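Student: Protein chains in written order, with our numbering: chain A, 1 to 106; chain W, 107 to 268.
Quick one: structure below, then a few questions.
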Amino acid sequence: MLEIILSVLIILGGFFTLVGSLGLFKLPDFYMRLHGPTKASTLGVGAVLIASAIYFSFSTDEISLHEVLVTLFLFITAPVSAHLMAKAALHIKVRQDKRTLNKSDQ
Amino acid sequence: MLRKVFPHPLLSVALWLIWLLLNNTVSFGHMVLGALLATFIPWFTSAFWPEKVQIHRPWLLAKFVAVVIYEILVANVVVAKLILTRQDKLQPGFLHVPLELKSPVAIGLLANTISLTPGTVTCDLSEDEQSLLIHALHIEDAEATVADIKNHFEKPLKEIFD
């Protein structure tokens, strides 16, 4: 039973990370590509971390809480880096895809 | 007196908890060491925290975290579907979200939450701190997207921090 739950979580995490990477690879402009990593780092990493916490809590008889910290640091650093990259891109006027609504002309 | 020793009680508590989590232990020695760090680090970093952070309604904060996690789950699935099936028909764009929040911590948290939610990234805070510029991967209804952000994220943050 435990193995099934763990497998589902890991596959789910892998799937969302893969989709995030696909987005990073295939989307047409810098701003859209930024959305890939923010996605992979939430649900993708989140599912793998939950699986890790469950596995180590059961296999070592100690509750494993390191994963909580990883999540905390990730949830603080990922948006900040995304924000900084977006802001830098606006500043140096990185090309925006032609479909973009309300093109920013800063 | 107590204010002098602990200029930022919340920061101290957070540091202490993080120290214990880092060491994955609740042994007495680490509790003492963690308490020392939690006392001294806020002294040295107080220049970065010009104003006090106050949480008016802690239970609302817990509810906010739950809402954010739910929104992240939903948005993840929505964005995954968009990337996999309709990549050529995406309608990206920039949106202005007018702010009602005043406290910098609350604005920071809102910007962070928007970036964490798949499909939207915060790009800039306007100079007068009156609006956020966000980039959305796919906009179906610009007004609805802005209204969602304001209702789900900004309203609770306003009640908690302002």
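Heads up, the beta-carbon is just placed ideally off N, CA and C, and yes, glycines get one too.
Model, not experiment: these values are computed from the prediction.
1. Does chain W have any CB closer than 8 Å to the CB of G110 of chain A?
2. Compare the Cα-Cα distances from I54 of chain A to each of A:I10, A:T100, A:L101 and report the closest residue.
3. Quick check on G199 of chain W - is its C-beta less than 8 Å from some C-beta in chain A?
4. Could you say if the region 53-72 of chain A and the region 31-41 of chain A meet the contact criterion of at least three C-beta pairs nearer than 8 Å?
5. How is the beta strand (DSSP E) around T59 of chain W delimited, first residue to last?
6. Can you find at least 3 beta carbon pairs, one from the region 203-212 of chain W and one from the region 261-268 of chain W, that sit closer than 8 Å?
7. 8 Å is my cut-off, CB to CB: does K39 of chain A come that close to chain W?
8. Is the region 35-50 of chain A touching the region 5-19 of chain A, taking contact as three or more C-beta pairs under 8 Å?
9. Using DSSP bridges, identify the partner residues of A242 of chain W.
10. Where does S237 of chain W fall in DSSP's three states?
11. Comparing the C-beta of V114 of chain W with each C-beta of chain A, is any distance below 8 Å?
12. To the nearest angstrom, report how far apart W122 of chain W and I213 of chain W are at their CA atoms.
13. Using a C-beta cutoff of 8 Å, does F58 of chain A count as contacting chain W?
14. Using a Cβ cut-off of 7 Å, pull out every chain W residue sitting near V94 of chain A, in sequence order please.
15. Just verifying my parser: in three-state terms, what is the DSSP assignment at P113 of chain W?
16. Of the residues W:L143, W:I161, W:L231, W:W125, which one's Cα is nearest the Cα of F112 of chain W?
17. If G140 of chain W and L126 of chain W are in contact, beta carbons under 8 Å, what's the gap, nearest whole angstrom?
18. What is the DSSP secondary structure of L207 of chain W, reduced to helix, strand or coil?
Tutor: Concretely, from the data shown:
1. Residue 110 of chain A lies beyond the stretch modelled for chain A, which goes from 1 to 106, so this question has no answer here.
2. Translated into positions along the first sequence, residue 54 of chain A becomes position 54. Nearest C-alpha to I54 of chain A: A:I10.
3. On the second sequence, residue 199 of chain W is found 93 positions in, with the first residue counted as 1. Judged by the 8 Å Cβ criterion, G199 of chain W is in contact with chain A.
4. no
5. For chain W, the structure presents residues 107 to 268; residue 59 of chain W sits outside this window and is missing.
6. yes
7. One-based indexing of the first sequence puts residue 39 of chain A at position 39. So yes, K39 of chain A belongs to the interface.
8. yes
9. Stepping through the second sequence from its first residue, residue 242 of chain W is reached at position 136. According to DSSP, A242 of chain W bridges with W:G199, W:T226.
10. Residue mapping note: residue 237 of chain W aligns to position 131 of the second sequence, counting from 1. S237 of chain W: strand per DSSP, three-state reduction.
11. Here residue 114 of chain W corresponds to residue number 8 of the second sequence, with the count starting at 1. Checking the sequence shown, residue 114 of chain W turns out to be His, not Val. Taking Cβ atoms only, chain A never reaches closer than 8 Å to H114 of chain W, which makes this a no.
12. Mapped onto the second sequence, residue 122 of chain W falls at position 16. Mapped onto the second sequence, residue 213 of chain W falls at position 107. Cα to Cα, W122 of chain W sits roughly 25 Å from I213 of chain W.
13. Reading the first sequence from its first residue, position 58 is the one you call residue 58 of chain A. So no, F58 of chain A is outside the interface.
14. The residue labelled residue 94 of chain A in the question sits at position 94 within the first sequence. Within 7 Å Cβ-Cβ: nothing; V94 of chain A doesn't reach chain W, min ~11 Å.
15. The count along the second sequence starts at 1 and reaches residue 113 of chain W at position 7. If DSSP states are grouped into helix, strand and coil, P113 of chain W belongs with coil.
16. Here residue 112 of chain W refers to the residue found at position 6 of the second sequence. Here the closest residue by C-alpha is W:L143.
17. Your numbering for residue 140 of chain W matches position 34 in the second sequence. Your numbering for residue 126 of chain W matches position 20 in the second sequence. About 6 Å; that satisfies the 8 Å criterion.
18. Numbered from its first residue, the second sequence carries residue 207 of chain W at position 101. Of the three classes helix, strand and coil, the one that applies to L207 of chain W here is coil, per DSSP.
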